[in-house]
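There are 4 protein chains.
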Amino acid sequence: MSEPAIEELKLKLKEFAQVRDWEQFHSPKNLSMALSVEASELLEHFQWMTEQQSVDLTPQRHAAVAFEMADIFIFLLRLSDQLNIDLMEMTKRKMEINEKRYPVEKVKGSSKKYNEYDEA
Amino acid sequence: MSEPAIEELKLKLKEFAQVRDWEQFHSPKNLSMALSVEASELLEHFQWMTEQQSVDLTPQRHAAVAFEMADIFIFLLRLSDQLNIDLMEMTKRKMEINEKRYPVEKVKGSSKKYNEYDEA
Amino acid sequence: MSEPAIEELKLKLKEFAQVRDWEQFHSPKNLSMALSVEASELLEHFQWMTEQQSVDLTPQRHAAVAFEMADIFIFLLRLSDQLNIDLMEMTKRKMEINEKRYPVEKVKGSSKKYNEYDEA
Amino acid sequence: MSEPAIEELKLKLKEFAQVRDWEQFHSPKNLSMALSVEASELLEHFQWMTEQQSVDLTPQRHAAVAFEMADIFIFLLRLSDQLNIDLMEMTKRKMEINEKRYPVEKVKGSSKKYNEYDEA
Numbered sequence: 000m001s002e003p004a005i006e007e008l009k010l011k012l013k014e015f016a017q018v019r020d021w022e023q024f025h026s027p028k029n030l031s032m033a034l035s036v037e038a039s040e041l042l043e044h045f046q047w048m049t050e051q052q053s054v055d056l057t058p059q060r061h062a063a064v065a066f067e068m069a070d071i072f073i074f075l076l077r078l079s080d081q082l083n084i085d086l087m088e089m090t091k092r093k094m095e096i097n098e099k100r101y102p103v104e105k106v107k108g109s110s111k112k113y114n115e116y117d118e119a
Numbered sequence: 000m001s002e003p004a005i006e007e008l009k010l011k012l013k014e015f016a017q018v019r020d021w022e023q024f025h026s027p028k029n030l031s032m033a034l035s036v037e038a039s040e041l042l043e044h045f046q047w048m049t050e051q052q053s054v055d056l057t058p059q060r061h062a063a064v065a066f067e068m069a070d071i072f073i074f075l076l077r078l079s080d081q082l083n084i085d086l087m088e089m090t091k092r093k094m095e096i097n098e099k100r101y102p103v104e105k106v107k108g109s110s111k112k113y114n115e116y117d118e119a
Numbered sequence: 000m001s002e003p004a005i006e007e008l009k010l011k012l013k014e015f016a017q018v019r020d021w022e023q024f025h026s027p028k029n030l031s032m033a034l035s036v037e038a039s040e041l042l043e044h045f046q047w048m049t050e051q052q053s054v055d056l057t058p059q060r061h062a063a064v065a066f067e068m069a070d071i072f073i074f075l076l077r078l079s080d081q082l083n084i085d086l087m088e089m090t091k092r093k094m095e096i097n098e099k100r101y102p103v104e105k106v107k108g109s110s111k112k113y114n115e116y117d118e119a
Numbered sequence: 000m001s002e003p004a005i006e007e008l009k010l011k012l013k014e015f016a017q018v019r020d021w022e023q024f025h026s027p028k029n030l031s032m033a034l035s036v037e038a039s040e041l042l043e044h045f046q047w048m049t050e051q052q053s054v055d056l057t058p059q060r061h062a063a064v065a066f067e068m069a070d071i072f073i074f075l076l077r078l079s080d081q082l083n084i085d086l087m088e089m090t091k092r093k094m095e096i097n098e099k100r101y102p103v104e105k106v107k108g109s110s111k112k113y114n115e116y117d118e119a
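Chains as they are written, first to last, in numbering that gives the first Met the number 0: chain U, 0 to 119; chain C, 0 to 119; chain Y, 0 to 119; chain X, 0 to 119.
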């Protein structure tokens, strides 16, 4: 069920680590730290912007943000490889769960409701 | 160049948000926050484990970790949609950059070197 | 009940922001982002280290880590000022809650128990 | 130079960990993870709010936010104890550095300038 293009990326990333003898550092614990660090580097771009400014990025900022997102995806794929997790499959299953958890008629609209459900 | 399976997921996630009138909350600034929060929920599973324990997860913990990773991927796809970024393409480009930035003969082996290069 | 030394720091940090006309950026939302970014910069130092290496820091690394912690404290104080929160008082109250939540006879010892209680 | 009130808190937190035999889990690496997790729990409160909403918190939300900040401070103090760092002293030193790094006449005002200096 896994996607060929994603499997190919995972394999390339594994080889990249292996040839550098870096797999020894890629425990799930360490990879979760690296992933979180990359997520914060993304966050850093937006910390002092208004929401509107975060929509209207300059081309330079847009490219920098895109590369931070690539870094996050790289560690997400490395971790899914190390833990033998099918990311696409799990994402589809999580979306089905979310469909049931947040029924349209119940949550539609206000940010107040959105927040409450989000924290549930 | 973008992957059909990923494009399909992005579209489903967009519809999920639209039908709930939640797109109003999905500014890049807010999505970067949500993504970072999910990355920390992943981190939380591993915070008191040894590295070895993070490899040898119980089935229950493994499933919980897999769903946290799905949550991260969901917000990564939502953000790539809102900012019109081709995640697969950017990841390939970032991997090419990393190949040049970390030449095998220069970085192979010790964690000390790995750390130094990592921070560069 | 608040500590004079901490109140003095808070005041200095407020003046630092005011004289630069930066208070406009210091909404609680933005400050929580900045605080999280600083926490990840701390995390980054340790991401590829073993636990033992994180104990035995070089003097240079130790100093860098100490300054990251100062950055976290700075944003914690800024936020406590903006939200009018007495950090010392809340910390004492949280410690009393923790005393009751984690009774010694119930949680002492194994990491397994520690993890379970931590997630409760 | 360290503050008696802060030293007292650090000592109480150390005793809390020792009597539960939890110091074995409190390596700097693990504590940096716990601190980052708490910072994200703070972030989570604000992720879907506007900046203005983050100023106008309900009393319930305000209290919850205050306790998250206490959790962050607790791990910051635990880490400063484990690494033998004087948090107040380092914060004063960092503030002096910031005074020089961001001269008023150079950075006053616009968010654009603020962002640029922030990333330097």
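Where is the CB? At the ideal position from N, CA and C, for every residue including glycine.
Asked: Report the residues of the segment 16–44 of chain X with a CB closer than 7 Å to any CB of chain U, ordered along the chain.; Found: M32, S35
Asked: By the criterion of Cβ-Cβ separation under 7 Å, what are the contact partners of X/K107 in chain Y?; Found: R19, D20
Asked: Buried or exposed: where does Y/E55 fall if 16 or more other Cβ atoms within 10 Å of its Cβ makes it buried?; Found: First, the amino acid is wrong: residue 55 of chain Y is Asp here, not Glu. By the 10 Å Cβ count, Y/D55 comes out exposed.
Asked: Roughly how far, in whole angstroms, is the beta-carbon of C/L34 from the beta-carbon of U/L78, given that I think they are within contact range, below 8 Å?; Found: Actually they do not touch by this definition, with Cβ atoms about 15 Å apart.
Asked: Establish whether the CB of U/Q46 and some CB of chain Y are separated by less than 8 Å.; Found: yes
Asked: How long is the line joining the alpha carbons of C/S11 and C/E88, rounded to whole angstroms?; Found: A quick correction: the sequence has Lys, not Ser, at residue 11 of chain C. Distance between the alpha carbons of C/K11 and C/E88: 20 Å.
Asked: According to DSSP, is U/N83 part of a helix, a strand, or is it coil?; Found: coil
Asked: Which residue comes first and which comes last in the alpha helix (DSSP H) that contains X/E37?; Found: 27–45
Asked: From which residue to which residue does the alpha helix (DSSP H) around X/E7 run?; Found: 3–18
Asked: Evaluate U/T57 with the Cβ neighbour count: other Cβ atoms within 10 Å of its Cβ, from every protein chain shown; 16 or more gives buried, anything less gives exposed.; Found: exposed
Asked: Going by C-alpha distance, which of X/Q81, X/E98, X/E50 is nearest Y/N29?; Found: X/E50
Asked: In the structure shown, what three-state DSSP assignment does X/P102 receive?; Found: coil
Asked: Which word fits C/I73, buried or exposed, when buried means at least 16 other C-beta atoms lie within 10 angstroms of its C-beta?; Found: buried
Asked: Secondary structure at X/L75, three-state DSSP: helix, strand or coil?; Found: helix
Asked: What's the gap between the Cα of X/E98 and the Cα of Y/E14?; Found: 11 Å
Asked: Show which residues of chain U have a CB atom less than 8 Å away from the CB atom of C/K11.; Found: M94
Asked: For Y/D55, which three-state DSSP category applies?; Found: coil
Asked: Exposed or buried, what is C/K9 when buried is set at 16 or more other beta-carbons lying within 10 Å of its beta-carbon?; Found: buried
Asked: Identify the contact partners of C/T90 in chain U, using a Cβ-Cβ distance below 7 Å as the criterion.; Found: L8, A69, F72, I73
Asked: Note down, in chain order, each residue of its chain lying with its Cβ closer than 6 Å to the Cβ of Y/F45, except the 5 sequence neighbours on either side.; Found: S53
Asked: With a 10 Å radius around its C-beta and 16 neighbouring C-beta atoms as the bar for buried, classify Y/V36 as buried or exposed.; Found: buried
Asked: What number of angstroms, rounded off, separates the C-alpha of Y/I71 from the C-alpha of U/H25?; Found: 27 Å
Asked: Rounded to whole angstroms, what's the CA-CA distance from Y/Q17 to X/A62? Just pull it up for me.; Found: 26 Å
Asked: Near C/E67, what residues of its chain come up, given a Cβ to Cβ distance below 6 Å and the 5 sequence neighbours on each side ignored?; Found: E40, L41
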